[in-house]
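See below for the structure under consideration.
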Amino acid sequence: MPRSATEILDLPLDVRPEPDELIRAAMQWHFDPDTGSPFWLEQAKSLPFDPLTDVRNHADLTLFPPLTAELRDVPAQDLVPRGYGQRPDVVGVFESGGTTGAPKRVVLLRDWLERMLHWSNLNLDAHGFPRDVDWLGLVPTGPHIVGEYFRRSAATHGRYGFTLDLDPRWVKKLIAAGRRADADAYAEHLVDQAAFVLRTQDIGVLTVTPPLLERIARRDDLAELVNEKVRAIRWGGTQLDPDSRYLYKTEVFPDTVLCGNYGSTMILGFAGERPGLPDDAGCVFDPYSPYVMFSVVDPETLRPVGYGDRGRVLVHHVSKSFFLPNNLERDTATRIEPLDGRAGDAVADIAPVATFENEAVIEGVY
1 MPRSATEILD
11 LPLDVRPEPD
21 ELIRAAMQWH
31 FDPDTGSPFW
41 LEQAKSLPFD
51 PLTDVRNHAD
61 LTLFPPLTAE
71 LRDVPAQDLV
81 PRGYGQRPDV
91 VGVFESGGTT
101 GAPKRVVLLR
111 DWLERMLHWS
121 NLNLDAHGFP
131 RDVDWLGLVP
141 TGPHIVGEYF
151 RRSAATHGRY
161 GFTLDLDPRW
171 VKKLIAAGRR
181 ADADAYAEHL
191 VDQAAFVLRT
201 QDIGVLTVTP
211 PLLERIARRD
221 DLAELVNEKV
231 RAIRWGGTQL
241 DPDSRYLYKT
251 EVFPDTVLCG
261 NYGSTMILGF
271 AGERPGLPDD
281 AGCVFDPYSP
291 YVMFSVVDPE
301 TLRPVGYGDR
311 GRVLVHHVSK
321 SFFLPNNLER
331 DTATRIEPLD
341 GRAGDAVADI
351 APVATFENEA
361 VIEGVY
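Residue 335 in the working numbering sits at position 335 of the sequence shown, and the numbers go up by one each step.
Right, here's the structure in full:
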């Protein structure tokens with residue numbers, strides 16, 4: 001007997017749906033007046049196709065127009081599917097970086113958070129991250145979804161999570177205004193705070209951005225503390241070039257596991273570094289397919305580039321709680337073949353574009 005859309009969207013955490021079956025189930029859920037969100041039900045009225053009948057597989061998602069910019073103004077409650085009822089279990093409303101115009105917003109529901117965490121924790125296990133140790137996070141909190149994922153990762157994979165305030169919007173404003181010295185002083189202020197925690201607490205996992213990890217590595221006393229205490233470092237937010245990755249793994253933190261993330265608010269999560277990569281290679285990131293699927297495309301035609309070639313990262317998110325196809329991210333990447341049985345692409349050599357939505361892209365500390 002065929003499974004219902006709800007059964008497919010609610011599969012156990014350790015079961016991956018068949019990619020095209022997931023797409024069809026998501027269309028039934030998100031475009032049924034009883035279960036879909038007000039946002040998508042309204043959008044459906046102007047689509048030149050019927051999602052219920054015309055979208056049958058991953059490739060058909062490209063029929064949808066790019067609507068990510070709409071998330072700047074839509075009321076948050078209009079993004080929640082009606083199928084969750086009157087009291088949906090909302091973890092929070094989170095924003096994009098907001099450094100290339102007004103921020104976009106997404107709503108994180110608990111069922112997706114738990115699904116993403118389950119997958120992420122398995123990836124950490126595959127890299128050899130220790131369980132039940134304390135974590136320290138130098139990551140954005142406040143409106144940024146990465147802070148929520150840090151707190152929940154620390155609680156479900158680790159023991160206690162120690163966090164520091166990091167405001168990437170302020171740093172990027174300082175840099176844009178030519179106040180580089182003030183931006184540097186703020187970054188050093190963050191590292192100073194991290195030093196207090198590292199000296200007094202038994203930190204086993206450090207979550208940090210590459211610019212701040214570089215500053216930690218420059219201070220001999222802090223690098224020694226990390227080597228003494230920290231058993232794994234999880235980095236993300238900006239790119240880490242292969243030469244720096246090799247140096248950290250072999251010379252600066254030789255006995256510490258180093259693992260990267262590539263994330264985005266608009267996909268409600270992140271891709272994880274593929275386990276088993278050589279020390280002298282760049283990072284390859286695999287998304288949580290088929291819920292999150294990458295395509296590396298020519299930004300003009302939106303057609304996939306060849307494997308090994310560079311292009312823009314195009315993202316589809318397809319889950320019970322959220323649907324966002326054809327989101328052209330601000331990053332470029334090298335297209336990599338996916339793992340067996342996975343839909344979409346893997347990505348490597350992440351780098352930001354110079355401008356995004358007519359605004360200059362500034363990385364700063366994140």
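Heads up, the beta-carbon is just placed ideally off N, CA and C, and yes, glycines get one too.
C-alpha distance - residue i paired with residue j, whole-angstrom precision
| i | j | result |
| --- | --- | --- |
| Phe94 | Thr265 | 7 Å |
| Ala25 | Leu213 | 42 Å |
| His118 | Gly178 | 42 Å |
| Leu11 | Leu113 | 14 Å |
| Asp182 | Leu174 | 7 Å |
| Arg180 | Trp170 | 12 Å |
| Asp73 | Leu164 | 30 Å |
| Asp125 | Phe49 | 43 Å |
| Arg335 | Ala346 | 6 Å |
| Leu147 | Val139 | It should be noted that the sequence gives Gly, not Leu, for residue 147. Taking the straight line joining both Cα atoms gives about 6 Å. |
| Gly236 | Trp29 | 33 Å |
| Phe129 | Val257 | 7 Å |
| Val15 | Leu9 | 11 Å |
| Phe270 | Phe322 | 15 Å |
| Thr62 | Asp20 | 14 Å |
| Ala348 | Trp40 | 32 Å |
| Ser375 | Phe31 | Any answer about residue 375 is impossible in this case: the structure gives the chain only from 1 up to 366. |
| Phe162 | Gly263 | 21 Å |
| Ala195 | Gly101 | 34 Å |
| Leu339 | Ala185 | 42 Å |
| Tyr84 | Thr35 | 7 Å |
| Pro290 | Glu329 | 18 Å |
| Val226 | Glu42 | 52 Å |
| Arg159 | Ser153 | 9 Å |
| His189 | Lys172 | 16 Å |
| Leu222 | Leu324 | 41 Å |
| Met116 | Tyr288 | 8 Å |
| Gly137 | Gln86 | 34 Å |
| Lys229 | Met293 | 36 Å |
| Val91 | Ile145 | 10 Å |
| Arg368 | Leu206 | For the chain, the structure presents residues 1 to 366; residue 368 sits outside this window and is missing. |
| Ala59 | Arg303 | 11 Å |
| Tyr248 | Thr68 | 36 Å |
| Glu18 | Ser244 | 38 Å |
Per DSSP, cross-strand counterpart(s) of residue i
| i | result |
| --- | --- |
| Trp235 | Val208 and Gly260 |
| Val197 | DSSP output for Val197 lists no bridge partner at all. |
| Glu7 | According to DSSP, which records beta bridges pairwise, Glu7 is partnered with nothing at all. |
| Ile23 | Looking at the DSSP assignment, Ile23 forms no beta bridge with any residue, so it has no partner. |
| Thr163 | Gly137 |
| Ile203 | Asp134 |
| Gly272 | Asn261 and Asp286 |
Whole-number beta carbon distance between residue j and residue i, since they are thought to touch under 8 Å
| i | j | result |
| --- | --- | --- |
| Ala333 | Val313 | 5 Å |
| Pro211 | Thr238 | 6 Å |
| Gly311 | Val296 | 4 Å |
| Ser37 | Val106 | Going by Cβ atoms, the distance from Ser37 to Val106 rounds to 12 Å, so no, they are not a contact pair. |
| Phe283 | Gly260 | For the record, residue 283 in the displayed sequence is Cys; it is not Phe. Right, the Cβ-Cβ distance comes to about 5 Å (below 8 Å), so this counts as a contact. |
| Asp89 | Leu109 | 6 Å |
| Val305 | Ile267 | That belief does not hold up - the Cβ atoms of Val305 and Ile267 are roughly 20 Å apart, past 8 Å. |
Delimiting residues of the beta strand (DSSP E) encompassing residue i
| i | result |
| --- | --- |
| Leu324 | Phe323 to Ile336 |
| Arg105 | Arg105 to Leu109 |
| Asp410 | Nothing about residue 410 can be read from this structure; the chain reaches only from 1 to 366. |
| Val93 | Val90 to Glu95 |
Residue interval of the alpha helix (DSSP H) (run including residue i)
| i | result |
| --- | --- |
| Gly147 | Ile145 to Thr156 |
| Pro51 | Pro51 to Asp54 |
| Asp349 | Premise fails: Asp349 lies in the beta strand (DSSP E), Ala346 to Pro352, not in any alpha helix (DSSP H). |
| Ala176 | Pro168 to Ala176 |
| Arg245 | Pro242 to Leu247 |
| Asp280 | Segment: none, Asp280 is in no alpha helix (DSSP H) and carries neither H nor E. |
| Val226 | Asp220 to Lys229 |
Any chain C beta carbon closer than 9 Å to residue i
| i | result |
| --- | --- |
| Leu9 | Structure shown: chain C not included; a single protein chain is present. |
Heavy atom of the ligand ATP within 8 Å of residue i beta-carbon
| i | result |
| --- | --- |
| Ser46 | In the structure on display, the ligand ATP does not appear, and there are no ligands present to speak of. |
- Query: Can you list, in chain order, the stretches of the beta strand (DSSP E) that have 3 or more residues and sit fully within the region 284-320?
  - Reply: 284-286, 292-297 and 310-318
- Where are the beta strand (DSSP E) runs, 3 residues long or more, that stay fully inside the region 29-78, in chain order? List check, beta strand (DSSP E) in window: nothing returned.
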